[in-house]
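Structure record follows, encoded as structure tokens.
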Amino acid sequence: MTQLEECILTQINIFHQYSVRHGHFDTLSAKELAQLIQKQLPNFLKLTANSLRRNRLADMVHHKRSLPAPVESPSP
259 MTQLEECILT QINIFHQYSV RHGHFDTLSA KELAQLIQKQ LPNFLKLTAN SLRRNRLADM
319 VHHKRSLPAP VESPSP
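Under the numbering used here, the first residue of the sequence shown carries the number 259, and numbering increases by one thereafter.
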């Protein structure tokens, strides 16, 4: 089997580890999907959250929306 074929089979097997818990074995409930993402893709979640923050900032700049004023440190 090729490396790609093994990866796809791994994805299918992980999917079925979550989908067989409730309902039809070829579908995921919202709860099952959330569990799969949280447990199997924790780094993806972090990257996505960071990307969303960057996109929001870029959107604000593009549309010339005001950015929050920076908080100044007190003088020593």
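Idealized CB from N, CA, C, for every residue including glycine.
Three-state secondary structure assigned by DSSP to residue i
i	result
HIS274	helix
SER324	Here the model assigns SER324 a pLDDT of 48, short of 50, so the residue's position is not dependable, and the following value carries that caveat. It is coil, neither helix nor strand.
PHE302	helix
THR285	coil
ARG311	helix
Residue nearest to residue i in terms of C-alpha spacing, selected from the options
i	options	result
LEU294	GLN269, SER309, ASN308 and ARG311	GLN269
ALA292	HIS282, LEU303, ASP284 and PHE283	LEU303
Rounded C-alpha distance that separates residue i from residue j
i	j	result
PHE283	LYS289	14 Å
THR285	SER277	6 Å
GLU264	HIS274	15 Å
Contact check, residue i vs residue j, beta carbons under 9 Å
i	j	result
GLN298	ILE272	yes
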